[in-house]
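Undergrad: Quick one: structure below, then a few questions.
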Amino acid sequence: MALTRSQVISVAYGSCRMDVEEGWKLIKVDDGFTQLTGYTKERVFKDRVVYSQLVHTDDIADFFQRWTLQLETKGIAYLSHRLLTADGDEKVVCCLGELFIDESTGRTLAKATLTPVAENEAMLRQAQEEAEA
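The sequence shown begins at 316 in this note's numbering and counts up by one.
Here's what the structure looks like:
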């Protein structure tokens with residue numbers, strides 16, 4: 316079947332940076348992150364939010380074991396996990412992360428991009444329906 320309109324869509328995502336040496340404490344978040352998680356920038360920094368607070372409690376051990384193994388062996392990690400939002404809701408996200416050394420401080424930092432799976436699937440389905448109409 317030939318497409319009459321493009322089904323390529325912009326993917327929703329959020330990004331954050333973490334200080335690995337301080338227990339994966341969030342040190343920078345973007346607007347997409349705040350929309351995805353419900354954590355305001357002010358709350359992230361005031362409450363010293365750490366990444367493990369975003370991972371479902373049943374997933375934490377497995378997530379960090381796989382995350383660390385992939386980062387150490389490949390330099391990047393690409394995993395999915397259940398994300399807990401600020402109000403306790405649960406979303407499935409794909410998480411792309413990498414480690415780097417901050418040149419100004421010498422500290423080990425990580426950056427991650429979170430992509431909500433269900434939201435992007437819904438957007439793609441809508442684009443497909445519109446293309447077929």
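The beta carbon of each residue, even a glycine, is placed where N, CA and C say it ideally should be.
1) Between Phe415 and Leu429, which are expected to be in contact by the criterion C-beta below 8 Å, what is the C-beta distance as a whole number of angstroms?
2) Starting from Ala425, follow the beta strand (DSSP E) in both directions and report where the run begins and ends.
3) Could you tell me how far apart the beta carbons of His371 and Glu336 are, in whole angstroms, since I believe they sit closer than 8 Å?
4) Exposed or buried, what is Ala437 when buried is set at 16 or more other beta-carbons lying within 10 Å of its beta-carbon?
5) Taking three-plus beta-carbon pairs below 8 Å as touching, is the region 366-386 in contact with the region 333-350?
6) Going by beta carbon distance, what residues of the same chain come within less than 8 Å of Asp402, once the five residues before and after it are set aside?
7) In three-state DSSP terms, what is Ser325?
8) According to DSSP, Arg440 sits in a beta bridge with which residue or residues?
9) Just the C-alpha distance for Thr383 and Ala392, rounded to the nearest angstrom, thanks.
10) Please tell me whether Val408 and Ser419 are closer than 8 Å, where the distance is taken between their beta carbons.
11) Is the CB-CB distance between Asp345 and Arg422 below 8 Å?
12) Taking Cβ positions, are Gly412 and Lys426 nearer each other than 8 Å?
13) Decide if Val364 is buried, meaning its Cβ has at least 16 other Cβ atoms within 10 Å, or exposed.
TA: Taking the definition as stated:
1) With 8 Å as the limit, Phe415 and Leu429 do not qualify as a contact, their Cβ atoms being about 18 Å apart.
2) Thr423 to Pro431
3) Contact doesn't hold; Cβ gap of about 24 Å is too wide.
4) exposed
5) yes
6) Gly353
7) The answer is coil: DSSP assigns Ser325 none of H, G, I, E or B.
8) According to DSSP, Arg440 bridges with nothing at all.
9) 8 Å
10) No, these two residues do not count as a Cβ contact at 8 Å.
11) No, the Cβ-Cβ distance between Asp345 and Arg422 is not below 8 Å.
12) yes
13) buried
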